[in-house]
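K.L.:
In the numbering used here, the protein residues as written are 21 to 151.
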């Protein structure tokens, strides 16, 4: 296995486990995630549970080599879509556990989102140049 392939495999596993854990957290404590769901979407519990399930499924998809390519693509698309909640938190200064966050925290969160999108596309080999 090449160094690149090993790094992609390890990164897939790490990102996959991370999202499985976060997804499970959506089921164990949905109330923690609910405040950042944009009100226009309606029932926040519904959206928290749906996104939690998607995080678990996509996390598993990243870990399994056979499904990794498309899981990487769909994870990237998912991360773009769910950033709306983080943007809502930033623009509307939505508190989590009674605490609001400064702009620099939100900028770091945005950078982390771009990094996760990049890793998801990389492990799925969507960033490969065609020869």
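The beta-carbon is built from N, C-alpha and C at its ideal position, and this holds for glycine as well.
Taking only runs of the alpha helix (DSSP H) that begin and end inside the stretch 39-127, which ones reach a length of at least 4 residues, in chain order?
P.N.:
Runs of the alpha helix (DSSP H) inside the stretch 39-127: 50-53, 64-83 and 88-111.
K.L.:
Under three-state DSSP, which class holds residue 150?
P.N.:
Taking the chain shown and counting its residues from 1, one reaches residue 150 at position 130. In the structure shown, residue 150 sits in coil (DSSP, three-state: anything other than H, G, I, E or B).
K.L.:
So the candidates are 23, 96, 148 and 47; which of them puts its Cα closest to the Cα of residue 135?
P.N.:
The residue labelled residue 135 in the question sits at position 115 within the chain shown. The candidate whose alpha carbon is nearest that of residue 135 is 96.
K.L.:
Between the alpha carbons of residue 44 and residue 150, how many angstroms are there, rounded?
P.N.:
Taking the chain shown and counting its residues from 1, one reaches residue 44 at position 24. Taking the chain shown and counting its residues from 1, one reaches residue 150 at position 130. So the two alpha carbons sit approximately 37 Å from each other.
K.L.:
Touching or not, the stretch 68-84 and the stretch 106-120, by the rule of three or more beta carbon pairs under 8 Å?
P.N.:
Verdict: no, contact absent.
K.L.:
In whole angstroms, what is the alpha-carbon distance linking residue 24 and residue 127?
P.N.:
Numbered from its first residue, the chain shown carries residue 24 at position 4. Numbered from its first residue, the chain shown carries residue 127 at position 107. Looking at the two C-alpha atoms, the distance is approximately 29 Å.
K.L.:
Since I believe residue 82 is in contact with residue 35 (beta carbons under 8 Å), could you give me their beta-carbon distance rounded to a whole number of angstroms?
P.N.:
Against the chain shown, residue 35 aligns to sequence position 15. Against the chain shown, residue 82 aligns to sequence position 62. Sure, about 6 Å apart at Cβ, within 8 Å.
K.L.:
Taking residue 102 as the reference, which of 72, 145, 87 and 52 has the closest Cα?
P.N.:
Position 82 of the chain shown, counting from 1, holds the residue named residue 102. Selected option, being the one with the closest Cα: 72.
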